[in-house]
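Novice: Under the working numbering, residues 43 to 334 are what the sequence shown spells out, in order.
Ideal Cβ positions, reconstructed from N, Cα and C, are used throughout, including at glycine.
All of these numbers come straight from a predicted model, not from anything done at the bench.
Below you will find the structure I want to go over with you.
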Amino acid sequence: MNLVGKIFVVLIFVMSLVFMSFAVAVYATHRNWREVVLLPREQVVPGKEIGLKFQLDEAKVKNDGFKNELDKVTRERDAEKNARIDAVAKLENELKVRTKERNDRDRDLAALVQSERNAVALAKTAVDEAARKAKESAGLRTDVLQAQKDRDANFTEVQRLLDELNQAVNDRVQLQNRLTTLAQDLAKAKEALRYYDINENSDYKAKAPPRVDGVILSTPGAGLVEISLGSDDGLRKGHQLEVYRISGGASTYVGRIEVVKTAPNLSVCKLAPNFPQNSNIMKGDRVASKIE
């Protein structure tokens with residue numbers, strides 16, 4: 043073997059060592075990516091972790107649990123918030139009612155106090171007048187006869203004043219009794235107004251239809267009927283009327299309708315919202331604001 047052959051042998055040996063080093067380095071840094079992703083928990087050994095796919099699945103389960111818990115807490119928070127809002131609104135309404143009642147009682151008390159002051163002032167005036175007459179009687183005693191006459195006159199006057207005082211006292215008692223009766227009547231009237239949802243600012247006449255009597259002209263359908271009464275008869279939108287049918291000399295109640303549109307001599311009505319929607323209203327049925 044010549045020198046060139048020996049050189050080639052040495053180079054081949056060196057290159058073999060280099061490539062062997064590369065192979066060892068590649069093998070040392072190699073990772074089984076299938077195992078990294080798909081390794082299940084039951085196959086995990088010390089020094090290795092569960093596969094990334096299973097880690098992702100567990101993280102999704104935990105995330106869903108956290109979302110459900112968040113939704114539950116959010117619903118509980120909203121329910122508690124709504125309950126607090128309802129409680130505050132109820133308390134505010136109760137405060138308004140109590141304030142109104144207190145104001146009403148204050149007005150009634152002021153009226154009673156003023157009435158009592160007037161009665162006391164009248165009594166004081168009567169007493170002062172009696173004292174003045176008595177003083178005049180004492181100053182005229184120099185003349186016995188005149189004094190007797192003055193005494194009799196003053197006695198009569200005092201008696202009259204006492205009668206007036208007694209009358210004033212009786213009038214005061216009657217006024218107090220009348221005031222009590224009026225307060226009770228006012229309370230009943232307010233209760234009736236609250237029952238019918240009427241206050242002092244509402245146009246209660248607009249809710250009650252005038253006394254009318256007409257007939258059903260047609261029933262075009264869709265819960266609508268046409269009647270022979272209109273705005274010339276005093277009807278307005280929102281008025282409610284009673285429907286009845288006369289058959290064989292007897293009248294039968296059919297239902298209730300509400301005015302939705304008016305013309306001078308006719309109106310279009312619908313079945314009242316609080317009345318059954320299957321009422322069999324027919325052409326020729328009678329309609330009135332009140333059934334006698």
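What does E91 pair with, by DSSP beta-bridge criteria?
Specialist: Locating residue 91 in the sequence shown gives position 49, where the first residue counts as 1. DSSP lists no partner for E91.
Novice: Rank G291, V285, S289 by C-alpha distance to the C-alpha of V301 and give the top, closest one.
Specialist: In the sequence shown, the residue the question calls residue 301 occupies position 259. Nearest option by C-alpha distance: V285.
Novice: Give, in chain order, every unbroken run of the beta strand (DSSP E) that is at least 3 residues long and sits entirely within the stretch 248-292.
Specialist: Taking only runs of at least 3 residues, the beta strand (DSSP E) segments lying wholly in the stretch 248-292 are 255-263, 266-269, 282-289.
Novice: Which of helix, strand or coil does DSSP assign to G303?
Specialist: The sequence position of residue 303 within the sequence shown is 261, counting from 1. Residue identity check: residue 303 is Lys in the sequence provided, not Gly. The answer is strand: DSSP assigns K303 an E or B state.
Novice: Pull up the distance between the alpha-carbon of D275 and that of R253, whole angstroms please.
Specialist: Taking the sequence shown and counting its residues from 1, the one referred to as residue 275 is at position 233. Taking the sequence shown and counting its residues from 1, the one referred to as residue 253 is at position 211. Each residue's alpha carbon lies about 9 Å from the other.
Novice: Sort K230, R278, Q282, L313 by Cα distance to A305 and report the nearest one.
Specialist: Sequence index remark: in the sequence shown, residue 305 carries index 263 (1-based). Of K230, R278, Q282, L313, the residue nearest in Cα terms is R278.
Novice: Using a 10 Å radius around the Cβ and a threshold of 16 neighbouring Cβ atoms, would you call V103 buried or exposed?
Specialist: Working through the sequence shown from its first residue, we reach residue 103 at position 61. Exposed, because fewer than 16 other Cβ atoms sit within 10 Å of the Cβ of V103.
Novice: Could you give the first and the last residue of the continuous beta strand (DSSP E) run that contains S331?
Specialist: Taking the sequence shown and counting its residues from 1, the one referred to as residue 331 is at position 289. S331 -> no beta strand (DSSP E), and no H or E assigned at all.
Novice: Take E199 as the anchor and find which of N219, D148, A168 has the nearest alpha-carbon.
Specialist: Working through the sequence shown from its first residue, we reach residue 199 at position 157. Cα-wise, what sits closest to E199 is A168.
Novice: Helix, strand or coil for R298? Go by DSSP, reduced to three states.
Specialist: Translated into the one-based positions of the sequence shown, residue 298 becomes position 256. Three-state DSSP puts R298 in a strand.
Novice: At the level of alpha carbons, what is the spacing between V162 and Q218?
Specialist: Here the question's residue 162 lines up with position 120 in the sequence shown. Here the question's residue 218 lines up with position 176 in the sequence shown. One C-alpha to the other measures close to 14 Å.
Novice: Please report how far the alpha carbon of E143 lies from the alpha carbon of E233, in whole angstroms.
Specialist: For the purposes of this step, residue 143 is identified with residue 101 of the sequence shown, where counting begins at 1. For the purposes of this step, residue 233 is identified with residue 191 of the sequence shown, where counting begins at 1. Taking the straight line from one Cα to the other gives about 12 Å.
Novice: How would you call G326, buried or exposed, if buried means at least 16 neighbouring beta carbons within 10 angstroms?
Specialist: By 1-based counting over the sequence shown, the position of residue 326 is 284. Exposed, because fewer than 16 other Cβ atoms sit within 10 Å of the Cβ of G326.
Novice: Taking only the alpha-carbon atoms, compute the straight-line gap between N196 and D185 and give it to the nearest angstrom.
Specialist: Here residue 196 refers to the residue found at position 154 of the sequence shown. Here residue 185 refers to the residue found at position 143 of the sequence shown. In a straight line, the C-alpha of N196 is about 15 Å away from that of D185.
Novice: Which whole-angstrom value is the C-beta distance of D170 and L182, which I expect to be below 8 Å?
Specialist: As a first step, residue 170 must be located in the sequence shown, where it is residue number 128. As a first step, residue 182 must be located in the sequence shown, where it is residue number 140. Not quite, the Cβ-Cβ distance comes to about 19 Å (not below 8 Å), so this is no contact.
Novice: Looking at the strands, I want to know which residues DSSP matches up with K102.
Specialist: Residue mapping note: residue 102 aligns to position 60 of the sequence shown, counting from 1. Answer is none; K102 lacks a bridge partner.
Novice: Could you give the DSSP three-state label for L308: helix, strand or coil?
Specialist: As a first step, residue 308 is located in the sequence shown; it is residue number 266 there, counting from the start. Note: L308 maps to coil in three-state DSSP.
Novice: Can you pull the DSSP bridge partners for L313?
Specialist: Taking the sequence shown and counting its residues from 1, one reaches residue 313 at position 271. Paired residue(s): I299.
Novice: Quick one: Cα of D146 to Cα of A165, how far?
Specialist: Your numbering for residue 146 matches position 104 in the sequence shown. Your numbering for residue 165 matches position 123 in the sequence shown. Cα-Cα distance, rounded: 29 Å.
Novice: May I have the straight-line CA-CA distance separating R119 from E84, to the nearest angstrom?
Specialist: Start at 1 with the first residue of the sequence shown, and residue 119 comes out as number 77. Start at 1 with the first residue of the sequence shown, and residue 84 comes out as number 42. In a straight line, the C-alpha of R119 is about 41 Å away from that of E84.
Novice: According to DSSP, simplified to helix, strand and coil, what is N219?
Specialist: To locate residue 219, count along the sequence shown from 1; it is residue 177. Note: N219 maps to helix in three-state DSSP.
Novice: Rounded to the nearest angstrom, how far is the Cβ of S331 from that of P251, given a contact under 8 Å?
Specialist: What you label residue 331 is simply residue 289 of the sequence shown in a count that begins at 1. What you label residue 251 is simply residue 209 of the sequence shown in a count that begins at 1. Yes, they are in contact, since the Cβ atoms of S331 and P251 sit about 4 Å apart, within 8 Å.
Novice: Compare the Cα-Cα distances from S293 to each of S309, S260, K312, I333 and report the closest residue.
Specialist: Residue 293 sits at position 251 when you count from the first residue of the sequence shown. Measuring from the Cα of S293, the nearest candidate turns out to be I333.
Novice: Whole angstroms is fine: what's the gap from S289's alpha carbon to A314's?
Specialist: Locating residue 289 in the sequence shown gives position 247, counting from the first residue. Locating residue 314 in the sequence shown gives position 272, counting from the first residue. If you take the alpha carbons of S289 and A314, they lie about 24 Å apart.
Novice: Quick check on K323: does DSSP put it in helix, strand or coil?
Specialist: Position 281 of the sequence shown, counted from the first residue, corresponds to residue 323. It should be pointed out that residue 323 corresponds to Ile in this sequence rather than to Lys. I323 falls in the coil class under three-state DSSP.
Novice: Taking A152 and L221 to be in contact with their CB atoms under 8 Å, please state how far apart those CB atoms are, rounded to whole angstroms.
Specialist: Start at 1 with the first residue of the sequence shown, and residue 152 comes out as number 110. Start at 1 with the first residue of the sequence shown, and residue 221 comes out as number 179. Actually they are not in contact, since the Cβ atoms of A152 and L221 sit about 12 Å apart, beyond 8 Å.
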